[in-house]
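Sequence lines, in order, name chains A and B. Read in order, the letters of the first sequence are residues 1 to 307 in the working numbering. Read in order, the letters of the second sequence are residues 1001 to 1092 in the working numbering. In what follows, a structure is listed as structure tokens, so that the remarks can point back to it.
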Amino acid sequence: MNVSALSPSELKFRLRKTGIFLQTGSFITHLKTSISSVAEGLGLLYADYLLVEQQDGFADFHISLVHPRNLRRWFKPQVLFLFDGNPTFKPLPLDQAFPMLEWGLNWCISNHVNHCLIIHAAVVEKGGYAAILPAPPGSGKSTLCAALVNRGWRLLSDELALVRVSDGKLIPLPRPVSLKNESIEIIRSYEPNAIFSRKVADTIKGTVAHMKAPADSIARATEAVEVAWVIFPKYQAGAMACLESLPQSRAFMRVADNSFNYSLLGLNGFKTMTRLIDASLCYDFEYSKLDDAIEIFGSLKPQVPRR
Amino acid sequence: MKWQVISDQVINCCSWDDELVFYNKLSGDTHLLGSAAAQVLLELRKSPSNALSLIEALAPCQPSEMVMNEESYIYIEHLLNELNMLGLIEFS
């Protein structure tokens, strides 16, 4: 049963009473909250996700969003993210409850999933080949990712590339795409049919909104894929779209810098990264216009296999 | 005085073009070695060697003016010290 099978009031009721077991990619999250904006965000952006019936209560992550029991709740209400019943972050203004859920879900994975090498990167796929887009905040990674998935690329993730240590394949984690500030309106005009959560202002990242992941990407969330390209995107106002070849050794070090658990995985991290880079053509990519970027991505060819 | 690659370190590297990415199993660090350092390391993987022998072995890969002068000796010595400090080589 998908989240969309529940009416808004049923979803609110279940979230408040027993919580829901939500399948995102290969992970199950048990989520409990009585905060209305979270229920509304889930109903809007997670409508196509599977609700799992877990009789034994198993979940990879048990989280809840609650109102902290302090005096501020009377004049400046807040939200607190609990992981296994324990507060993980400082409380945020209540208005930021849904973004906090998204950030918290990312935190759950980047801090607890170690059968994968986790890279701070967007991942998209077309024709069976995936492109990893690692980049620091502000590089236009999520904007480019949002544009690509609205033009025929499959979304694996806009934030966390999960490279399975056992076989080097990329595991999908299609969740809403996080956009901030100007990027929100850029993508809204680029794809008027895209569904967005309401904007939340004054967060640590500025104004944020989340774009619903394409239904096809969610439906294919169990299809792992081979990597073909590692592309470091950089938005540069006025720049001509330019894809520049990057030596694999340099790409290795930069991807490692963008990884959450490369060091933690030790030799397995090195081997997984070696395999990933070996299978990839690596590029720096500068762009200013999304249509130009889409065209260049459309002309990417995978590496010819070595004999 | 000869240098050799620390035996545990031998297998944990990969090379693309003329650069080498090396995982130091003892420290957990990963190093990107440029062309010259990579060549020195690969020579030492074949057999223990000293600076003078390394200059001779690497001569075909170097510009002619670099071959067997004091500058190249100092350069190789510097690379050996760097590799030693990274925990990749030791005295044999």
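Heads up, the beta-carbon is just placed ideally off N, CA and C, and yes, glycines get one too. Being a predicted model, the structure only gives us computed values, none of them experimental.
Where residue i falls: helix, strand or coil (DSSP)
i, result
"F13/A", "helix"
"F89/A", "coil"
"H210/A", "strand"
"Y46/A", "coil"
"T222/A", "coil"
"K180/A", "strand"
"S1049/B", "strand"
"Q55/A", "coil"
"S166/A", "coil"
"L1054/B", "helix"
"I28/A", "strand"
"E286/A", "strand"
"L6/A", "coil"
"F98/A", "helix"
"T203/A", "strand"
"Q1004/B", "strand"
"V66/A", "strand"
"Q236/A", "coil"
"E1071/B", "helix"
"V38/A", "helix"
"S1015/B", "strand"
"A251/A", "helix"
"L1020/B", "strand"
"E295/A", "helix"
"A228/A", "strand"
Pairwise C-alpha distance: residue j and residue i
i, j, result
"A251/A", "C282/A", "7 Å"
"I63/A", "V255/A", "30 Å"
"P192/A", "Y287/A", "22 Å"
"L50/A", "A39/A", "15 Å"
"E53/A", "R16/A", "16 Å"
"I218/A", "L276/A", "24 Å"
"E1070/B", "C116/A", "49 Å"
"R154/A", "G25/A", "13 Å"
"Q1004/B", "S1035/B", "18 Å"
"K169/A", "G128/A", "11 Å"
"M240/A", "I296/A", "11 Å"
"K199/A", "A209/A", "5 Å"
"I28/A", "S139/A", "30 Å"
"Q248/A", "P68/A", "48 Å"
"K301/A", "I231/A", "13 Å"
"L1086/B", "V165/A", "27 Å"
"E223/A", "D216/A", "11 Å"
"K1046/B", "V1040/B", "10 Å"
"P8/A", "R14/A", "10 Å"
"L101/A", "I1006/B", "48 Å"
"K234/A", "N70/A", "43 Å"
"Q55/A", "Y262/A", "35 Å"
"L179/A", "T143/A", "7 Å"
"S37/A", "K1025/B", "48 Å"
"D167/A", "E1056/B", "42 Å"
"L45/A", "A59/A", "21 Å"
Given residue i as reference, the closest of the options once Cα atoms are compared
i, options, result
"I1074/B", "L1088/B, N1050/B, F1091/B", "N1050/B"
"K126/A", "K271/A, L148/A, S178/A", "L148/A"
"D1008/B", "S263/A, L267/A, L290/A", "L267/A"
"Q23/A", "D95/A, F61/A, Q55/A", "F61/A"
"L82/A", "K212/A, G104/A, K76/A, P93/A", "G104/A"
"L246/A", "E1019/B, N1012/B, L1088/B", "E1019/B"
"A161/A", "L65/A, I186/A, M273/A", "M273/A"
"D202/A", "N181/A, A194/A, I187/A, A213/A", "N181/A"
"N106/A", "D95/A, L92/A, A121/A", "A121/A"
"K80/A", "L65/A, N86/A, I109/A", "It is Leu, not Lys, that sits at residue 80/A in the sequence shown. L80/A has its Cα closest to that of L65/A, out of L65/A, N86/A, I109/A."
"P172/A", "S9/A, R220/A, Y235/A", "R220/A"
"E226/A", "I195/A, G206/A, D278/A", "D278/A"
"L6/A", "G43/A, A130/A, N86/A", "G43/A"
"L1079/B", "S1092/B, D1029/B, L1054/B", "L1054/B"
"Q76/A", "P233/A, D56/A, P91/A, G85/A", "It should be pointed out that residue 76/A corresponds to Lys in this sequence rather than to Gln. Residue P91/A is the option with its Cα nearest to K76/A."
"L156/A", "P174/A, N150/A, G269/A", "P174/A"
"S280/A", "I294/A, Y262/A, V304/A, S259/A", "V304/A"
"W229/A", "F270/A, F285/A, A194/A", "F285/A"
"E1082/B", "C1014/B, L1042/B, L1033/B, S1072/B", "L1033/B"
"I35/A", "V177/A, P99/A, F58/A", "P99/A"
"Y190/A", "I118/A, G19/A, D292/A", "D292/A"
"N1012/B", "M1001/B, K1002/B, D1029/B", "D1029/B"
"W74/A", "I184/A, V113/A, L94/A", "L94/A"
What residues in the stretch 1019-1045 of chain B bring their beta carbon closer than 8 Å to a beta carbon of chain A?
E1019, L1020, V1021, Y1023, K1025, G1028, T1030, L1032
Contained beta strand (DSSP E) runs [length at least 3] in the stretch 111-160 of chain A, N- to C-terminal order:
Taking only runs of at least 3 residues, the beta strand (DSSP E) segments lying wholly in the stretch 111-160 of chain A are 116-126, 129-134, 154-157.
Check each residue of the stretch 222-254 of chain A: if its Cβ is closer than 8 Å to any Cβ of chain B, include it; give the result in chain order.
The residues in question are P247, Q248, S249, R250, F252, M253.
Quick one, which residues of the stretch 33-51 of chain A are near chain B if we go by CB-CB under 7 Å, in chain order?
none
To be precise: take each residue of the stretch 256-274 of chain A, compare its Cβ to all Cβ atoms of chain B, and keep it if any distance is under 7 Å. Which residues remain?
A256, S263, G266, L267, F270, T274
Along the stretch 1001-1017 of chain B, what residues have a CB closer than 7 Å to any CB found in chain A?
N1012, C1014, W1016, D1017
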